[in-house]
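Have a look at the structure below, then the notes.
In my numbering, the protein residues as written are 25 to 623.
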């Protein structure tokens, strides 16, 4: 919910602190009550302010997002039609407001239909968006699947990689609101069945490299006939097709890339990759990769620090389920969900398999805690494509969002308890390694079954709490605004690298609260399924309105530290310079320390 407009880095503002005095930022003025509240502007002890129940509101139509995904389906039951496409939050014009990019498929060559393209929507700063696809040069038809956002040329403007069935595309941000397709010139020419992708600097040379997942060896002329009932053609499972290797592209600088998949040790034709996440699972300062595979063992590529990777998924305990079975892995994310100091993993799996929640013990081993945390049983019948950690109520503990939907439109005929369309799910992190499903309390969006695929989070209205974007297969996009999530304190951090890559991807941000308590997070590209959440990092602070210390450890090894920082701000931190700007943001105080998801 938007309470006030916010000016970001590069803009003159009387409430912006100087780098020399970060604690000089003015304390946020009292804000207006949130919707449904009868509170005074300044809460009075004799008239407690009621806590506003946190709700997500579907604002897709009023925001102006008029988009429908095209899978190309027309009865042939081609495998790619089942996978859908992703979405991204990207501030492509650096105005400080998150814009939206939607990936689209296209019709098959042997079937006529309207031309479909990507869709880019510019944030108008008032809760609405304007379609700028044509003017941005992105009205290009392709069978798109995934998207990854990162500034590969370090010019200060974020670029876009679109993974496709067939030729994938790298679009360079020209800095004037336009993009140029530089795929061929750059040497980024992966073909095949590309899905999720991630930008990361695996050799820490200050330039972003690119990892691209590849699914199976499929084409129209290799399409197989499969049937659920023995009468009608159905979509084949990935087990029917051979796997393919994913690709690693090393950034050489000067706009050029080299395919180093074999040289780096990640060439593996047995993979059927759908999701990828950056995770420094052994805390050695080098970014590792977790890759979720469909019906094949997951992969965990440990960065050896010399340009090569070692595959360690089986020995680390993340290749299979607890029963030793390879599951149908899709979306994935990494975060320290229990304050252990170690990054753990979440993996979306097929129906009848439940979610994977791999806890990192800090010694190189993981254990699936989905069942013991309360998530396993609640996701047993769910087919989850997108999944990620995000702190929707800003209480300081990462919660879990799941975007769900089956791949077979006729699944209910053979499995009566499972449906094609499924409602999204939200799990509140209650601490002590427990999660509570709160989906039905979160508003109408969580009661509406859809065939969901991609999903991302971002603060579209600059009010501090995180909103949701979700795509559906052959259907509409959905934008859900977080209403009341900013009743707790927070801090948002945008990183600007100098010796490291310009986005600061891979930087570790640690927040030490005054009076105790510590959180950390990594600036990251990718995660979810074929999607990209915003690059700025949000920390929920609960009732804490002051931060003792913020430490940013950059990929280069340099560390910047801020002390005595007020909450409820957006901080822009530049490598080697520290604080560049600190911008006050909206905060809606409740009448007690912490907003609850179960009002």
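In this text, a Cβ means the ideal position worked out from N, Cα and C, and glycines have one as well.
From a predicted model like this one, the values you see are computed outputs, not experimental measurements.
- In this structure, residue 517 lies near residue 597, with their beta-carbon atoms less than 8 Å apart.
- If you keep only unbroken alpha helix (DSSP H) runs of at least 4 residues inside the segment 484-539, you get nothing at all.
- Three or more beta-carbon pairs drawn from the segment 421-441 and the segment 464-478 are found closer than 8 Å, and the two stretches are therefore classed as touching.
- Counting along the chain, residue 302 sits inside the beta strand (DSSP E) bounded by residues 297-303.
- Here the alpha carbons of residue 196 and residue 588 stand approximately 39 Å from one another.
- When C-beta atoms of the segment 203-215 are compared with those of the segment 266-282, three or more pairs fall below 8 Å, so the two segments count as touching.
- Considered as a whole, the segment 554-620 harbours 561-566, 570-577, 583-590, 593-598 and 602-608 as its complete beta strand (DSSP E) runs of no fewer than 3 residues, in chain order.
- Looking only at 141, 526, 221 and 433, the smallest Cα-Cα distance to residue 560 is reached by 526.
- Here the segment 492-503 lies against the segment 85-101, with 3 or more beta-carbon pairs under 8 Å apart.
- Cβ-Cβ separation between residue 614 and residue 543: approximately 21 Å, too far for a contact (criterion under 8 Å).
- Exposure of residue 150 is indicated by the presence of fewer than 16 other C-beta atoms within 10 angstroms of its C-beta.
- Taking 3 residues as the minimum length, the beta strand (DSSP E) runs contained wholly in the segment 313-362 are 323-327, 333-335 and 356-359, in order along the chain.
- Taking the CA atoms as reference points, residue 374 sits about 11 Å from residue 355.
- In the structure shown, residue 79 falls within a strand segment according to DSSP collapsed to helix, strand and coil.
- With a beta-carbon spacing of about 18 Å, residue 385 and residue 301 fall beyond the 8 Å limit used to define contacts.
- Here residue 423 really is in contact with residue 452; their C-beta atoms are around 5 Å apart, less than 8 Å.
- Separation of residue 439 and residue 553 (C-alpha to C-alpha, rounded to the nearest whole angstrom) is 25 Å.
- Note that the segment 162-172 touches the segment 183-201; at least 3 beta-carbon pairs, one per stretch, sit closer than 8 Å.
- Residue 456 and residue 444 have their alpha carbons spaced roughly 34 Å apart.
- The shortest C-alpha to C-alpha distance from residue 541 to any of 462, 469 and 363 is the one to 363.
- For residue 282, the beta-bridge partners assigned by DSSP are 274.
- Taking a cut-off of 8 Å on C-beta distances, the segment 252-269 does not touch the segment 328-336, as fewer than three cross pairs fall below it.
- Boundaries of the beta strand (DSSP E) around residue 424: 423-428.
- In the structure shown, the three-state DSSP call for residue 176 is coil.
- Looking at the backbone, the Cα of residue 228 and that of residue 524 are separated by about 7 Å.
- In this structure, the straight-line span from the alpha carbon of residue 204 to that of residue 141 is close to 15 Å.
- DSSP places residue 84 within a helical segment (H, G or I) once states are collapsed to three.
- Our two residues, residue 519 and residue 470, have alpha carbons roughly 33 Å apart in a direct line.
- In the DSSP secondary-structure assignment, residue 391 is bridged to 383.
- If only complete runs of 3 or more residues are kept, the segment 139-219 shows the beta strand (DSSP E) at 143-147, 153-155, 168-174, 183-188, 193-197 and 203-205, in order along the chain.
- With fewer than 16 other Cβ atoms from the protein chains shown falling within 10 Å of its own Cβ, residue 349 counts as exposed.
- In this structure, residue 304 sits near residue 311, with a CB-CB distance shorter than 8 Å.
- The beta-bridge partner set that DSSP reports for residue 546 consists of 532.
- Excluding its 5 nearest sequence neighbours in each direction, residue 128 has C-beta neighbours in its own chain below 7 Å: 93, 94, 109, 140, 141, 142, 143 and 168, listed in chain order.
- With a contact defined as Cβ atoms closer than 8 Å, residue 237 and residue 501 miss out at about 22 Å.
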